[in-house]
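Colleague: The numbering used here puts the first residue of the sequence shown at 565, with every later residue one more than the last. Don't be surprised by glycine CBs; every beta carbon is placed ideally from N, CA and C.
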Amino acid sequence: MRRKARRGREHPGDGGLDDPLDDPLDAAQERRVRAVLALGGVPQADLLDGVQQVRLRLLERAASGREAPRDVSAWAAVVASNLAMDWHRAKRRQERLGERLAALRQLEHPSGEETSVLSLAVARGLDELPDAQRQVLVLRFFADLPVRGIAEELGIPEGTVKSRLHTAVRALRARLHEDEVV
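In structure tokens, the structure reads:
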């Protein structure tokens, strides 16, 4: 018998994946998916779309006849993390195009705003960091999460968070000095 999304539900209408009327994610799983997406840098406005994508993937899995994941919550978190990575890749492509257009506009209308130069340099530096380093840097300094909270949320040791933060800050600082921004 196929495993159900939630244990103890073996009959139609009881929340298993076979019942199309039931939501495949419970409230706690949805909160976890939202948190993973948000921690992955997906903007608030796109979180609902991300949650719906996770639901869709779970339903597609059931419709294809594959067994439900052993731990739906963990599976949904991994899918959400992958969606966040996809979102970042798409965002980077758009930003590169935007940067090229902005560079063309600056040639036409030069602007002396130092803050925009610094912001652009920081954004470029963040884009160049490996995903794991960028993730902890954003969570620590932009989302203002403590090291312990980051470690718990990502399921990694605090020492790993500290190491990634140190490496990311050092790389970002080097990039800003290289660009002669600071």
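Does the distance from the C-beta atom of Ala707 to that of Leu589 stay below 9 Å?
Modeller: For Ala707 and Leu589, no; Cβs fall outside 9 Å.
Colleague: What is the rounded straight-line gap between the Cα of Asp613 and the Cα of Glu692?
Modeller: Computed Cα separation, rounded: 26 Å.
Colleague: Taking 6 Å as the limit between beta carbons, can you name the residues of its chain near Ala641, skipping five residues before and five after?
Modeller: Same-chain partners within the cutoff: Arg596, Val600.
Colleague: In angstroms, rounded to a whole number, what distance separates the CA positions of Glu659 and Ala687?
Modeller: Each residue's alpha carbon lies about 10 Å from the other.
Colleague: Using only alpha-carbon positions, find the residue among Lys726, Asp695, Val643 that is nearest to Leu709.
Modeller: Looking at the Cα atoms, Lys726 is the closest of the given residues.
Colleague: Would you kindly work out how many angstroms separate the C-alpha atoms of Ser637 and Val711, rounded to a whole number?
Modeller: If you take the alpha carbons of Ser637 and Val711, they lie about 23 Å apart.
Colleague: Can you tell me where the alpha helix (DSSP H) with Ser727 in it begins and where it stops?
Modeller: That run of the alpha helix (DSSP H) goes 722 to 742.
Colleague: Unbroken beta strand (DSSP E) runs of length 3 or more, entirely within the region 619 to 649: which are they?
Modeller: Fully enclosed beta strand (DSSP E) runs of 3 or longer: not present.
Colleague: Helix, strand or coil: how does DSSP classify Asp610 here?
Modeller: Correct three-state label for Asp610: helix.
Colleague: Which residues in the same chain as Asp721 place their Cβ atom closer than 7 Å to its Cβ, once the five residues preceding and following it in sequence are excluded?
Modeller: Here residue 721 turns out to be Pro, not Asp, going by the sequence shown. Excluding positions up to five away in sequence, the list reads Ala715.
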